[in-house]
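Asker:
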Amino acid sequence: MNTSHTRAKRSFTRRLFLAISLTLMVFALTNNASAQKVYTLSFKNASLETVITSVADKTGYQFVYDAAYAQKFKALTAEISTADINQILNRIFKDQAFTYKVTGKTILLTPAATSAQSFTIHGMVNDATGIYLPGATVRQKGTNKIVNVDRNGHFAITVDEDNSILQFNYIGYEPKEVKYTKSVTASVVVVTLQSTPGILSEVVVTGYQNIAKPYTPAAAVVIDSTVLNSQVNNSLLSALEGRVAGLLYTKNPTGTTADQPVLRGIATISADVQAGPLVVIDGLPTDIALENINPYDVESVTVLKDAAAASIYGARAANGIIVITTKKGKGNLRVTLNSDFFIGTKPNLDAMHYASTSDVIDYEQSVYDRERAKYANTTTMFNAYGDIANGTIKYYSPLYQLNRDLSEGKITSQQFNNTVNQWRGNDYIADYRNNVWQNEFRQRYNLSFSGGNDKQNSYLSFNYDDNRARIKYNQDQNYNLYYKSNFKINKWLSASVGLNGTYNISNTTDIDFNNYTSQARYERITDGNGNLVTSLFANIDDGFTSGGAMNPVVAAKINGTASLKPVSFNILESLQEGLQKQKTLGLRAFANLEAKIYDGLTFGTQVQFETSRAELETYNDVNSYKMRYAFNALAGYTAATNLYASGLPIGGRFYQINQQRQNYTFRNQLNYNKSFHGSDHVVSAIAGFEMRETLLPRALQDLRYGYDPVTLTSTVINSASLSQTGVPSYIYGGNRTLAALSRIQTEEKHRYFSVYSNFNYTYKSKYNLSGSIRIDRADLFGVDPKFKNRPLWSGGFGWNISNEEFMKSVEWVDVLKFRATYGIGGNIDQGSSPYIKALRRNDNLIQNLQYITISAQPNPLLRWEKTATTNLGLDFGVLKNRLRGSIDAYDRYSTDLFSTTDLDPTVGALSRKLNNGALRNQGIEFSLSSDWLHKGDLTLSSTFILGFNKNRVKKVNVANSTAGSYVGSPTNYYLENTAFNSLYAYRYGGMVNGYPYILDENGNPSITFDSNGSPVPTSVRSINSIDAIVNMGSLTPTYTGSFSQRVSYKQFDLNLLFVFSGGNKMRKDVINIGSYDVNDLDITQRYVNGITPDQPRLLVDYAVNMENYATTINSQWRNSDVNVVDADYVKLRNISLGYSLPKSFANKIHISAAKLTFQMNNIWYWSAAGDDIDPEVYSLNSATRNLPLPKTYLFGLNLTL
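All residue numbers for the sequence shown refer to our numbering, where the first residue is 654 and numbers rise by one.
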């Protein structure tokens, strides 16, 4: 039992209980304090505006009134003490020409008398959570009278007749019509609009400020928690899929790393520069990855696409910004419980197109027969595979050994055939799937508490996530604690504090044991009775020594020598050996303070500290497979004593590494928000400075041999000698070495200082102007002063066309807005420096002296990568916002990109990375949503998203390389005026007698054939000229999109999400004709159709004199244009069905709400490539299949108490 882990869990539970208890006490105290509603106020010759501001700040009540009333207000001088709100209002408005009405926390002021012919309706417009919707339109139906809701959510409209109908519209919300009579003039009407599924576009949260959509020309998409949680999501990263036009997920085909989001194309060509969007949480940038953020803590996500909002982040804005706003407490204490269960099926291996075991045996026998024919006898052949202390040992299979035993008379032909026939019924891959794999099972629980009032609010959540992965013994456990509290200290000062803590425990099996093709296809893991079947050896070495391979004869001798360690193997016995155990603790603490300085002017300061610590350890027991293998590799033999002695001490191997990371951000900022003449002029501006530091301390590593986990002792070894000189090896001959720790340790620290400003102006809710500027200083910049203060800036213009007078008669148009922005953002290569970078070393064993190696030459002209973005957009909503969407066109031109550049050799290098590349991305994006049926309890709504992107490398200053470089490494080799990450292919010439050939730059074939159609061996040529290859198109999709459908009926809610991608190219999966190691389904054709002239022949069927050229022919064939196909696909990513308990039933069981959800992921796909190829998990350039995405079934329960 792991007592330390148990103690840690108990300690964590106690701390969680204490945090919850303290939070609940705060809720109780603040709710109790809000019941004391007496106030003291003092006025001297105060204007109406001063009086209202003082009362609002003191009491929390909000006023709704006409700005013209200020001229009729008599200056007030009064001392009011220990009075409630009604007493205060009576004193203030005594002898004034106004009356008042208190509704909830809102006070309506009206003139003492109103016109008998018309009346004024005062009101507020907000969403379901109480957030104001500034810019919403209020129209008297059938007339041209229209007003806009102001920044505080208020409106006042004068109508001409009783029973008037007002129409309320706001993009992203369902329109609403309400009939009013004169009786409403004595109160404030509150209109609540419901958000529509799909794209929400109300308040743009930039991280530095919040701006209502009508007041900014920025290209931004806002997605609220309702949309994010409409389905059960694996993570916040998956929740965003299909929600934002232009957001592409770059998947790792092997599934070993998380998806990487890319917005509007790649803006850099260096692998050392961040290509994904910057993540911002509650206004401050963070290094936390999207997949590690608890989606249940998120209130909304804002994706900033253009420079109007994103450039305020300066040198990290080139790739776009994802701004996350977390939840905060509100109202009475609210407890929410989410419980989710995920079941992932085992991948379908049929899609891998493996040949059957029987065909693999037949093919391998053909290979054996071909190889045997090259030697005079079997003994000579197998001597070439080496033996103990005799030649280089090379691997050969059990079938080869069976043939050897037959040739040497150890078995009869009958025994040979019986064994082979028995093997035909085996399937190691199926055994591995059945015994090593398991259905993935994940359980996630989220408990949250929220509540508060106008003085204080708090939000606390605890999340536990346990994921049992597909391979046995692989498991992740995640604990997440999030706390945030906001305080209104007094009428001019407010603050917020918070803490986010994460703790992860993971176990991962040795990567060498995760490969189900490491043993022969006809071997077994278990027999028919479930008993383990032990193989003589496995084709897996130890990975610690420079030993070598193994073959059956060597393994048999080792297993029969008492002084050596047996190398027999069964995956189920070894799977738990060498587990990689990792513990990661992450903390993010933040605090904000905001002070009101003057009317509309505030000062804010923010600080954030992030730290993480990871502890990783791996232990290989003394009797584990790899330690046995390593022991033998370093074992020496003394003939005189007939003794074996290993250079490796008896015991296990223990490796440990501790890594840390620390970041801090400090920001001071002035904010100005003011409306003039009602809402005719709305100004929003900020100015501030920001300091950041990132620190990566040295990693602490420890490697021990002869380790005993009970006594915690180990044996001291001469690691320098063992790693450099080694010891004599009896098995492999000569000296063999033992891997040691790296002698290089680095510590990396970067500091940044920035000043910035942003300005937004709106006139009569019609015209928007915006601008921003930022100057960044950093220790990364070059020494040239002109690069140190390069400003990054933006400007924008917006026109709310639907608010124009000439549009008021066009009632079917609810929203129509034109946007135009231009700005410059940046990016940086953290690995570059204006100074020389060198490593001090002391691993010279001969002289034992310290010395320095230069790792990077200085770059005095180092500067930001720069991306200039132009964006034109149009937002629209018609037919009472039943049909709504946006269209954007953009141009992103990136210059000063870090790219390899040829240099004058006299400077000491032939080439190096400099700010010398250029890249252009251009695209169009469409977003369209419609509530096309709303009848009774039935609602049907759809959202369609489509984004096109075209990129071109505009500048490269390096000499052209060989054709093979562009074919094999398209992200490292590129040509001007072509797409970055292009697929290059040789021009296919044809095929003669099963030998394919390509054409060179002059159209000549790469192989010459004689008159009989046989290839002339010496004529086979490598094609190196780049004029001989063809650019087939981009490997990166040029268009992506999604279609989501929602069907809601009473308590049932059905959601479907289709995603699609295409416009790019990929290579087909064709059989390897240059290697004997083949297990593809295509080898079956050899035994069905034989050798045909129009099909490429396998290496086993090559003429002997052509064998040495097979690798060249295979590479040219696989990478020729005839094997390039479209990579388009469409997927039904998920389908979910939710059921919400009726409110009446929920009340009976004393809960506020409950919802059950069932969901299926990765249900169906179509691929243009066909042949069971899924481009998402396929290596497009190397044409390699990877495991298909498994179907996943999810069950979710949401309870609100």
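By construction, the Cβ of each residue, glycine as well, lies at the ideal position given by its N, Cα and C atoms.
Grouping DSSP H, G and I as helix and E and B as strand, with all else coil, what is Ala920?
Answerer: Here the question's residue 920 lines up with position 267 in the sequence shown. DSSP places Ala920 in the coil class of the three-state scheme, outside both helix and strand.
Asker: Of all the options Thr773, Leu819 and Ile774, which has the alpha carbon lying nearest to the alpha carbon of Asn795?
Answerer: Here the question's residue 795 lines up with position 142 in the sequence shown. For the sequence presented, residue 795 should be read as Gly rather than Asn. Comparing Cα-Cα distances from Gly795 to each of Thr773, Leu819 and Ile774, the minimum goes to Leu819.
Asker: How would you write the range of the beta strand (DSSP E) that Phe808 sits in, first residue to last?
Answerer: Within the sequence shown, residue 808 is the residue found at index 155, counting from 1. Phe808 -> beta strand (DSSP E) spans His807 to Val812.
Asker: So, helix, strand or coil for Lys1566, using DSSP?
Answerer: In the sequence shown, residue 1566 corresponds to position 913, counting from 1. Here Lys1566 carries a strand assignment [DSSP, helix/strand/coil].
Asker: Using the Cα positions of Tyr1126 and Thr1161, report the straight-line distance between them to the nearest angstrom.
Answerer: For the purposes of this step, residue 1126 is identified with residue 473 of the sequence shown, where counting begins at 1. For the purposes of this step, residue 1161 is identified with residue 508 of the sequence shown, where counting begins at 1. In this model, Tyr1126 and Thr1161 are separated by some 7 Å (Cα to Cα).
Asker: Spell out whether any CB of chain C is found under 9 Å from the CB atom of Asn1776.
Answerer: This model lacks chain C altogether, as it is built from one protein chain only.
Asker: For the segment 1227-1237 against the segment 1149-1160, do three or more pairs of beta-carbon atoms, one drawn from each stretch, fall closer than 8 Å, so that the two count as touching?
Answerer: yes
Asker: Is DSSP giving Gly1478 helix, strand or coil here?
Answerer: As a working note, residue 1478 is residue 825 in the sequence shown. In the structure shown, Gly1478 sits in a strand (DSSP, three-state: E or B).
Asker: Check whether the Cβ atoms of Asn1534 and Arg1472 sit closer than 9 Å, and answer yes or no.
Answerer: Reading the sequence shown from its first residue, position 881 is the one you call residue 1534. Reading the sequence shown from its first residue, position 819 is the one you call residue 1472. Result no, Cβ atoms of Asn1534 and Arg1472 do not sit closer than 9 Å.
Asker: Which word fits Glu1017, buried or exposed, when buried means at least 16 other C-beta atoms lie within 10 angstroms of its C-beta?
Answerer: As a position in the sequence shown, residue 1017 is number 364, starting the count at 1. Answer is buried; the Cβ neighbour count reaches 16.
Asker: Excluding the five sequence neighbours on either side, which residues of its own chain have a C-beta within less than 6 Å of the C-beta of Ile741, listed in chain order?
Answerer: Along the sequence shown, one-based indexing puts residue 741 at 88. Excluding positions up to five away in sequence, the list reads Ile733.
Asker: Flag this pair as yes or no: are the beta carbons of Phe696 and Tyr722 separated by less than 9 Å?
Answerer: Taking the sequence shown and counting its residues from 1, the one referred to as residue 696 is at position 43. Taking the sequence shown and counting its residues from 1, the one referred to as residue 722 is at position 69. Contact annotation: Phe696 and Tyr722 have beta-carbon atoms that are not nearer than 9 Å.
Asker: With 16 other CB atoms within 10 Å as the buried threshold, where does Leu1296 fall?
Answerer: Taking the sequence shown and counting its residues from 1, the one referred to as residue 1296 is at position 643. Exposed, because fewer than 16 other Cβ atoms sit within 10 Å of the Cβ of Leu1296.
Asker: Check each candidate in Asp912, Asp1084 and Arg1095 and name the one with the smallest Cα separation from Ser992.
Answerer: The residue labelled residue 992 in the question sits at position 339 within the sequence shown. Of the candidates Asp912, Asp1084 and Arg1095, the one whose C-alpha sits nearest the C-alpha of Ser992 is Arg1095.
Asker: Excluding the 5 residues flanking Gln1575 on each side, which residues of the same chain have their C-beta closer than 6 Å to its C-beta?
Answerer: The sequence position of residue 1575 within the sequence shown is 922, counting from 1. These residues qualify, in order along the chain: Asp1544 and Lys1603.
Asker: Lys832 to Ser700, Cα distance in whole Å?
Answerer: As a position in the sequence shown, residue 832 is number 179, starting the count at 1. As a position in the sequence shown, residue 700 is number 47, starting the count at 1. Cα to Cα, Lys832 sits roughly 35 Å from Ser700.
Asker: Between which residues of its own chain and Pro1219 is the CB-CB distance below 6 Å, once the five residues before and five after are set aside?
Answerer: Your numbering for residue 1219 matches position 566 in the sequence shown. The answer, listed in chain order, is Asn1212.
Asker: By alpha-carbon positions, which one of Asn816, Ala961 and Leu846 ends up nearest to Gly1451?
Answerer: Taking the sequence shown and counting its residues from 1, the one referred to as residue 1451 is at position 798. Nearest C-alpha to Gly1451: Ala961.
Asker: Thinking Ala1632 and Ser1687 are a contact (beta carbons under 8 Å), I'd like their distance in whole angstroms, please.
Answerer: Walking along the sequence shown from the start, residue 1632 turns up at place 979. Walking along the sequence shown from the start, residue 1687 turns up at place 1034. Rounded, the Cβ-Cβ distance is 4 Å, consistent with contact.
Asker: Is it right to say Tyr1627 is buried, meaning 16 or more other beta carbons lie within 10 angstroms of its own, or is it exposed?
Answerer: Within the sequence shown, residue 1627 is the residue found at index 974, counting from 1. The residue in question, Tyr1627, is buried, as its Cβ has 16 or more Cβ neighbours within 10 Å.
Asker: To the nearest angstrom, report how far apart Thr735 and Asn1106 are at their CA atoms.
Answerer: Locating residue 735 in the sequence shown gives position 82, counting from the first residue. Locating residue 1106 in the sequence shown gives position 453, counting from the first residue. The alpha-carbon atoms of Thr735 and Asn1106 are separated by roughly 21 Å.
Asker: On the three-state DSSP scale, how would you describe Phe1633?
Answerer: For the purposes of this step, residue 1633 is taken as the residue at position 980 of the sequence shown. Coil at Phe1633, not helix or strand.
Asker: Here's a check: name, in chain order, each residue in its chain whose Cβ is nearer than 7 Å to the Cβ of Thr1691, leaving out the five neighbours to either side.
Answerer: If you number the sequence shown from 1, residue 1691 lands on position 1038. Around Thr1691: Phe1601, Asn1602, Lys1603, Gly1716 and Asn1717.
Asker: Whose C-alpha, out of Ile1193, Met1685, Asp737 and Asp1040, is nearest the C-alpha of Tyr1278?
Answerer: Residue numbering aside, residue 1278 sits at position 625 when the sequence shown is read from its first letter. Per the Cα distances, Ile1193.
Asker: Using three-state DSSP, classify Phe772 as helix, strand or coil.
Answerer: Working through the sequence shown from its first residue, we reach residue 772 at position 119. Phe772: strand per DSSP, three-state reduction.
Asker: Please classify Asn1184: is it buried, with 16 or more other beta-carbons within 10 angstroms of its beta-carbon, or exposed?
Answerer: Taking the sequence shown and counting its residues from 1, the one referred to as residue 1184 is at position 531. Exposed, by the Cβ-count rule.
Asker: Please classify Asn1127: does DSSP put it in a helix, a strand, or coil?
Answerer: Taking the sequence shown and counting its residues from 1, one reaches residue 1127 at position 474. DSSP places Asn1127 in coil when its eight states are reduced to three.
Asker: In terms of alpha-carbon separation, which member of Ser1199, Arg1086, Lys725 and Phe994 lies closest to Asn1001?
Answerer: Indexing the sequence shown from 1 puts residue 1001 at position 348. Selected option, being the one with the closest Cα: Arg1086.
Asker: Kindly give me the distance between the Cβ atoms of Glu1230 and Asn1273, rounded to whole angstroms, as I take these residues to be in contact under 8 Å.
Answerer: For the purposes of this step, residue 1230 is taken as the residue at position 577 of the sequence shown. For the purposes of this step, residue 1273 is taken as the residue at position 620 of the sequence shown. Indeed they touch by this definition, with Cβ atoms about 6 Å apart.
Asker: Determine the direct distance from the alpha carbon of Tyr1282 to that of Tyr1360, and round the result to whole angstroms.
Answerer: The count along the sequence shown starts at 1 and reaches residue 1360 at position 707. The count along the sequence shown starts at 1 and reaches residue 1282 at position 629. So the alpha carbons of these two residues sit roughly 17 Å apart.
Asker: Kindly list the residues whose CB is nearer than 7 Å to the CB of Gly1357, restricted to its own chain and excluding five residues on each side of it in sequence; keep chain order.
Answerer: The sequence position of residue 1357 within the sequence shown is 704, counting from 1. Here residue 1357 is Arg; the residue named in the question, Gly, does not match the sequence. Taking C-beta separations shorter than 7 Å and ignoring five residues to either side along the sequence, the partners of Arg1357 in its chain run Phe1307 and Ser1367, following chain order.
Asker: Apart from the five residues just before and just after Leu1052, which ones in its own chain have a Cβ nearer than 6 Å to its Cβ?
Answerer: As a working note, residue 1052 is residue 399 in the sequence shown. If we look at Leu1052 and ignore the five residues flanking it on each side, its Cβ neighbours are Glu1017.
Asker: Near Tyr1405, what residues of its chain come up, given a Cβ to Cβ distance below 6 Å and the 5 sequence neighbours on each side ignored?
Answerer: Start at 1 with the first residue of the sequence shown, and residue 1405 comes out as number 752. Taken in chain order, the residues that qualify are Arg1345 and Ala1431.
Asker: Just list the residues that DSSP pairs Glu1401 with in beta bridges.
Answerer: Sequence index remark: in the sequence shown, residue 1401 carries index 748 (1-based). Glu1401 is bridged to Leu1349.
Asker: Should the segment 1566-1574 be regarded as contacting the segment 1662-1672, the criterion being three or more beta carbon pairs within less than 8 Å?
Answerer: no
Asker: Answer yes if the segment 934-952 comes into contact with the segment 880-897, meaning at least three C-beta pairs across the two stretches below 8 Å, and no otherwise.
Answerer: yes
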